[in-house]
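Letter 153 of the sequence shown, counting from 1, is numbered 153 in this note's numbering, and no numbers are missing. Reading through the structure tokens given below for one structure.
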Amino acid sequence: MDTSARIKVSLANPRIYKVNQWVPQRIQILKFHSRSVRIDDAEYGYQVTSEYPKTSQRTVLCGYNTDEFGNELNWKLPENQDLQEGDILIERPDGDLKKGDFPRHKSNTRPIKQKFELCMRNITTGIIRRNVVPKIKVPDGLRRIAKDLFEGGPPGKVHYISLLMVDMDEGIIRLPVGVKFCINVMILTGHNVNEVYKKIEKIIDLNSFPIQTLIVEIEGPDDPFLKRKDLAWEAQFLDLCLPNPKKFPKIPKQDWREIFRHFHHSNFHISELELHEDEFLEIVRDWICCPRKIGSRFGMNSTRISHLMNLVCSDYGAAKGTLVLAGNYQIPYAMIIPVSATAQNELLCYMEKSPFYEQEITKQSEHQQKWQIVLGSFPLGSIQDIVLI
1 MDTSARIKVS
11 LANPRIYKVN
21 QWVPQRIQIL
31 KFHSRSVRID
41 DAEYGYQVTS
51 EYPKTSQRTV
61 LCGYNTDEFG
71 NELNWKLPEN
81 QDLQEGDILI
91 ERPDGDLKKG
101 DFPRHKSNTR
111 PIKQKFELCM
121 RNITTGIIRR
131 NVVPKIKVPD
141 GLRRIAKDLF
151 EGGPPGKVHY
161 ISLLMVDMDE
171 GIIRLPVGVK
181 FCINVMILTG
191 HNVNEVYKKI
201 EKIIDLNSFP
211 IQTLIVEIEG
221 PDDPFLKRKD
231 LAWEAQFLDL
241 CLPNPKKFPK
251 IPKQDWREIF
261 RHFHHSNFHI
271 SELELHEDEF
281 LEIVRDWICC
291 PRKIGSRFGM
301 NSTRISHLMN
311 LVCSDYGAAK
321 GTLVLAGNYQ
331 IPYAMIIPVS
341 ATAQNELLCY
351 MEKSPFYEQE
361 ITKQSEHQQK
371 WQIVLGSFPL
381 GSIQDIVLI
């Protein structure tokens, strides 16, 4: 029995529900939003009657956006909600350039959304079903959903989640209390990533660390998430989605070279924003002056890979061509960047397919960035041959 069917049966039968609480959930996709909880192919959400859609591909429990006296309320505002343990308040101050989030048609094209859709490509949509439950308050309903699905059972019970996503739109997200999740991939989108991540850490089982893949939407070079000291321990692979001022005029252009000069995660990739050539060369210079440990790599989506590699080649006299590594593994378009004579590693710059992207780059659609330029630290002597270009 799949997770959705199991949940449906257990909620309908009190006896099965009690048994179900003792058995850990094994879920492919778990998504928390301020108005819904998604589990695999089913979404359990509350929508106020004024916004109830004509067609809905999810299980919708319809609520009211009024208080006990019939006065209309905006449930995104903290003063209209009773905050309890496990609740995460996501609020932007007045005057914030991104208050209210981006227009829907733009935000859906952001790479962070493409990655989430790609992770969900094998998940089917649940059947259309409408359950109208009158006079249910939105926050109380979502809190009850989280409690019914995860809480209860023996102490130390751990639920296994393949993909955990927290969509941090303005409002309040309600996490279950007193539970633990063992996860492989986590995607954090929206606002106040660092503060929300601190709350999520409390429900992640220690055996999950380092998380296989952590995908995070960053708001700027001063985002506190980038200053976390334990990122190397918390995630094996870190994908940072940087804000692109070209696509979103509300975001000012920012200089990233200072933050990446001191950012020493062993394996990370940036997308959405392509760094300026001076910023990229600053990263190369830092990797030469402060050699990274073997296996470290940095990747950046780019439509100007040839130009960037030519700059590196001319600045450092790097040899460019097809590299043959140990085991006859070939990198067709790469270069060896000279490092100090005492270094125990070899620094390579090469082109590689970008993670999570499926669309080819064409002259007509340069925003479809399938390729990335990569800096990689390899063991000394791992290059067996080079065919110069």
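Backbone N, C-alpha and C fix where the C-beta goes; we use that ideal spot for every residue, glycine too.
Assuming residue 234 and residue 214 are in contact, meaning their beta carbons sit under 8 Å apart, how far apart are those beta carbons, in whole angstroms? 7 Å
In the DSSP assignment, the alpha helix (DSSP H) including residue 193 goes from what residue to what residue? 193-201
Inter-residue spacing [alpha-carbon to alpha-carbon] between residue 232 and residue 265: 5 Å
Would you kindly report the start and end of the unbroken alpha helix (DSSP H) that includes residue 318? Neither: residue 318 is in no alpha helix (DSSP H) and is coded neither H nor E.
Would you kindly check if the distance between the Cβ of residue 259 and the Cβ of residue 226 is under 8 Å? yes
Restricting to Cα atoms, I'd like to know which of 339, 383, 349 is closest to residue 328. 383
Return the CA-CA distance between residue 306 and residue 181, expressed in angstroms with no decimal places. 43 Å
Below 8 Å, how does it come out for the region 294-314 and the region 267-282: are there three or more Cβ pairs, yes or no? yes
Throw me the rounded Cβ distance for the residue 348 and residue 288 pair, which I believe falls under 8 Å. Not confirmed; about 12 Å, so no contact.
How would you call residue 43, buried or exposed, if buried means at least 16 neighbouring beta carbons within 10 angstroms? buried
Pairwise C-alpha distance: residue 200 and residue 308: 38 Å
Could you check what DSSP says for residue 346 in three-state terms: helix, strand or coil? strand
Take every Cβ of the region 316-325, pair it with every Cβ of the region 290-299, and state whether three or more of those distances are shorter than 8 Å. no
Counterpart residues of residue 182 in DSSP-defined beta bridges: 160
Name the one or two DSSP bridge partners that residue 287 has. For residue 287, which the question treats as bridged, DSSP gives no partner whatsoever.
Would you mind working out which of 315, 353, 342 sits nearest residue 331, comparing C-alpha positions? 353
Whole angstroms is fine: what's the gap from residue 344's alpha carbon to residue 210's? 26 Å
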